[in-house]
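Number of protein chains: 2
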Amino acid sequence: MSPTSSSDVLIRKLQSISDLREGDIDVLKDIQIQEKDFLANYDLVREGDRPVNSFVVLDGLLGSTKLTGDGKRQITSFFVAGDIPDLHGLHLSVMDCNFTTLTAARLGFMRHDALRAICEQHPRIATAFWRSTLIDAAIYREWVTNVGRREAYTRMAHILCELIFRLRSVGRIQDHVADLPITQAALGDALGLSTVHVNRMLQELRRRGLIATTGPRVQALDWPGLTRAGDFETTYLHQRNPAA
Amino acid sequence: MSPTSSSDVLIRKLQSISDLREGDIDVLKDIQIQEKDFLANYDLVREGDRPVNSFVVLDGLLGSTKLTGDGKRQITSFFVAGDIPDLHGLHLSVMDCNFTTLTAARLGFMRHDALRAICEQHPRIATAFWRSTLIDAAIYREWVTNVGRREAYTRMAHILCELIFRLRSVGRIQDHVADLPITQAALGDALGLSTVHVNRMLQELRRRGLIATTGPRVQALDWPGLTRAGDFETTYLHQRNPAA
DNA sequence: GCAGCGCATTAACCTATGACATAGGCTGCG
DNA sequence: CGCAGCCTATGTCATAGGTTAATGCGCTGC
Numbered sequence: 001m002s003p004t005s006s007s008d009v010l011i012r013k014l015q016s017i018s019d020l021r022e023g024d025i026d027v028l029k030d031i032q033i034q035e036k037d038f039l040a041n042y043d044l045v046r047e048g049d050r051p052v053n054s055f056v057v058l059d060g061l062l063g064s065t066k067l068t069g070d071g072k073r074q075i076t077s078f079f080v081a082g083d084i085p086d087l088h089g090l091h092l093s094v095m096d097c098n099f100t101t102l103t104a105a106r107l108g109f110m111r112h113d114a115l116r117a118i119c120e121q122h123p124r125i126a127t128a129f130w131r132s133t134l135i136d137a138a139i140y141r142e143w144v145t146n147v148g149r150r151e152a153y154t155r156m157a158h159i160l161c162e163l164i165f166r167l168r169s170v171g172r173i174q175d176h177v178a179d180l181p182i183t184q185a186a187l188g189d190a191l192g193l194s195t196v197h198v199n200r201m202l203q204e205l206r207r208r209g210l211i212a213t214t215g216p217r218v219q220a221l222d223w224p225g226l227t228r229a230g231d232f233e234t235t236y237l238h239q240r241n242p243a244a
Numbered sequence: 001m002s003p004t005s006s007s008d009v010l011i012r013k014l015q016s017i018s019d020l021r022e023g024d025i026d027v028l029k030d031i032q033i034q035e036k037d038f039l040a041n042y043d044l045v046r047e048g049d050r051p052v053n054s055f056v057v058l059d060g061l062l063g064s065t066k067l068t069g070d071g072k073r074q075i076t077s078f079f080v081a082g083d084i085p086d087l088h089g090l091h092l093s094v095m096d097c098n099f100t101t102l103t104a105a106r107l108g109f110m111r112h113d114a115l116r117a118i119c120e121q122h123p124r125i126a127t128a129f130w131r132s133t134l135i136d137a138a139i140y141r142e143w144v145t146n147v148g149r150r151e152a153y154t155r156m157a158h159i160l161c162e163l164i165f166r167l168r169s170v171g172r173i174q175d176h177v178a179d180l181p182i183t184q185a186a187l188g189d190a191l192g193l194s195t196v197h198v199n200r201m202l203q204e205l206r207r208r209g210l211i212a213t214t215g216p217r218v219q220a221l222d223w224p225g226l227t228r229a230g231d232f233e234t235t236y237l238h239q240r241n242p243a244a
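So the sequence lines, in the order shown, correspond to chains A and B. Residue 176 in UniProt numbering sits at position 176 of the first sequence, and the numbers go up by one each step. Residue 68 in UniProt numbering sits at position 68 of the second sequence, and the numbers go up by one each step.
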């Protein structure tokens, strides 16, 4: 186990969205978590699978992805450290989407039967997990809106805001400088845009002085400006103690 | 209370997605449900609200909707009879979207504290409710994909498939003839398209013999053809006993 | 029986975005 | 050291879908 143990990541996340008591935390500390590393672009779960584990993200960036009949890919949400992407699988026996690493990632696996047992005996923990999936759903709603009704430039700014905000609120970045080895192709799949157009929009954001990019690193130079450009409000992320 | 009582609608829905025992059903029968009627285009819940009720749809069509900064509307999902649209509000104190009637509708309201008490004492019921919100999330995922990666024609066909399928699986329509007093403007808001283009796509579907429309009524003339045109698979709806 | 309204339809024109092609810069590897 | 594979960058051209506006049609209310 690493210095910050994997259950710490899980516990901090659940505390950031829900009200847990001492006893609950002790229970969570005892969950068996199996750590494992993955390369980028690895399908952890595929549509049609019936998983017996869920996993918490310890490091890296994941996405829930779907493929259309003619092979186009849509990323339907991002997942960062602390998130439990396929907790949905706990009560949806057959998966309806893939979960894919978008960067190299370290994950912690937890058995479904263990999680179910905990939920049955500790309603407050069950609620915390439930709430976690509800926040996922709220993010999906925002993405429908983002893709459906915002134009490419705003859409791009919006997704950068979300990523930076979420990474910051789990302490993974400082000062709006995100180390995001995410390709423009992946951004396109998240935004419903072509790679070419992603490139154009990033340039436009740089030209207007809102962001700077050095390699895979994205930096918000003007955070208020970026949020304005991206029509970004944080309510849909349902933080308990909203940071600035 | 009406001949088919409102708790029947709720119970049938939960049974269709989850495994309930006799005892659970008795508990559900005792839930206090307050019925009320609404006209079309009424905002039942607004972004920022802190609701103390959730409601089950007894009749009519609702949508979860969001407004962008420049006033464009996106419908992020539909809700039909049996659905509990804002069950999400049970554990997300502040709402991040609106719930709006898209047609005239009859709803049954249930108090949050009552629902919470039931969930705490009856884990199987809690799981059923949880699962209901997970299916909502799965639908949101599909909509991100639909709007992000399918072109207008396919997208239109897809959404009609979903509506017809869902109405059929709760016994609200026969033989793929849906009585849907939904405007083309609303369809546009659901698909991220302009009204004009919705009109064009509906015409194209009619021209190809896949659907017929008489006033507000939409009929699938060629269901297999329509599902093919719409790239429609039912897995994401997570029916327990998938009908044909 | 007519006024007014909401909605569907149609047409003409315009633009955001996609598709394709190519080049250049990394990085890893034999 | 040089080649291969990925990714970013750029330019040109094509098109799906948006915008605007005009028309019509079926309600409802008076």
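Note that the Cβ used here is the ideal one computed from N, Cα and C, for glycine as well. Since the structure is predicted, the reported quantities are computational estimates derived from the model, not experimental observations.
With a threshold of 7 Å between beta carbons, glutamate 120 (chain B) makes contact with chain A. Within chain A, the residues Thr68, Lys72, Gln74, Gly192 have their CB atoms less than 7 Å from the CB of arginine 149 (chain B), given in chain order. In the DSSP assignment, methionine 110 (chain B) forms a beta bridge with B:Ser54.
Apart from the 5 residues on each side of it in sequence, serine 54 (chain A) sits with its Cβ closer than 7 Å to the Cβ of Ile84, Asp86, Leu87, Gly89, Leu90, Met110, His112, Leu115 in its chain, given in chain order. The beta carbon of tyrosine 236 (chain B) falls within 7 Å of a beta carbon belonging to chain A, placing the residue at that interface.
Threonine 133 (chain A) is not a Cβ neighbour of glycine 230 (chain A), given a cutoff of 7 Å. Remark: C-beta atoms of alanine 81 (chain B) and valine 57 (chain B) approach each other more closely than 7 Å. For arginine 207 (chain A), the nearest beta carbon of chain B is not closer than 7 Å to its own beta carbon. At a cut-off of 7 Å between beta-carbon atoms, proline 123 (chain B) makes contact with chain A. By the criterion of a C-beta distance shorter than 7 Å, arginine 240 (chain B) is surrounded in its chain by Ser16, Ile17, once the five residues flanking it on both sides are discounted. Interface annotation for the region 88 to 106 of chain B against chain A: His88, His91, Leu92, Val94, Asp96, Cys97, criterion Cβ-Cβ distance under 8 Å. For aspartate 86 (chain A), the secondary structure class from DSSP, reduced to helix, strand or coil, is helix.
At least one beta carbon of chain B lies nearer than 7 Å to the beta carbon of aspartate 231 (chain A). Using beta-carbon distances, tryptophan 223 (chain A) does not count as an interface residue toward chain B, since no partner is under 7 Å.
Using a CB distance cut-off of 7 Å, alanine 81 (chain B) does not count as an interface residue toward chain A. B:Ile31 is the residue among B:Val218, B:Ile31, B:Leu237 whose C-alpha sits nearest the C-alpha of isoleucine 125 (chain B). DSSP, read as helix, strand or coil, puts alanine 104 (chain B) in coil. The Cβ-Cβ distance between leucine 187 (chain B) and phenylalanine 99 (chain B) does not fall below 7 Å. For glycine 148 (chain A), the secondary structure class from DSSP, reduced to helix, strand or coil, is helix. The beta carbon of valine 9 (chain B) sits closer than 7 Å to the beta carbons of Val56, Leu58, Ala81, Gly82 from its chain, once the five residues preceding and following it are set aside; these are given in chain order. In the three-state DSSP reduction, isoleucine 182 (chain A) falls in the coil class, being neither helix nor strand.
Close CB contacts of leucine 102 (chain A) within its chain, under the 7 Å cut and outside five residues either way in sequence, are with Ala40, Leu61, Leu62, Gly63, Ile182, Ala186 (chain order).
Rounded to the nearest whole angstrom, the C-alpha separation of isoleucine 25 (chain B) and aspartate 179 (chain B) is 31 Å. If you check each beta-carbon in the region 140 to 171 of chain A against every beta-carbon of chain B, the ones closer than 9 Å belong to Tyr140, Arg141, Glu142, Trp143, Val144, Thr145, Asn146, Val147, Gly148, Arg149, Arg150, Thr154. For the pair alanine 157 (chain B) and leucine 237 (chain B), the CB atoms are not nearer than the 7 Å cut-off.
In summary, valine 196 (chain A) is exposed, with fewer than 16 beta-carbon neighbours lying within 10 Å of its beta-carbon over all protein chains present. Under the 7 Å criterion on CB atoms, arginine 46 (chain A) is classed as non-interfacial with respect to chain B. Any Cβ of chain B closer than 7 Å to the Cβ of alanine 186 (chain A) would place that residue at the interface, and such an atom is absent. For the region 11 to 24 of chain B, no residue has a beta-carbon sitting nearer than 7 Å to a beta-carbon of chain A. Counting only Cβ-Cβ distances below 7 Å, serine 64 (chain A) has contacts in chain B at Arg141, in chain order. Straight-line spacing of the CA atoms in leucine 67 (chain B) and aspartate 189 (chain B) works out to 10 Å. Proximity of alanine 138 (chain B) to chain A, defined by a Cβ-Cβ separation below 7 Å, is satisfied. Short of 7 Å from the beta carbon of arginine 228 (chain B), and not among the five residues preceding or following it, lies no beta carbon of its own chain. Taking a C-beta distance under 7 Å as the contact criterion, glutamine 219 (chain A) and alanine 212 (chain A) qualify as a contact pair.
For arginine 73 (chain B), the enclosing beta strand (DSSP E) covers residues 73 to 79.
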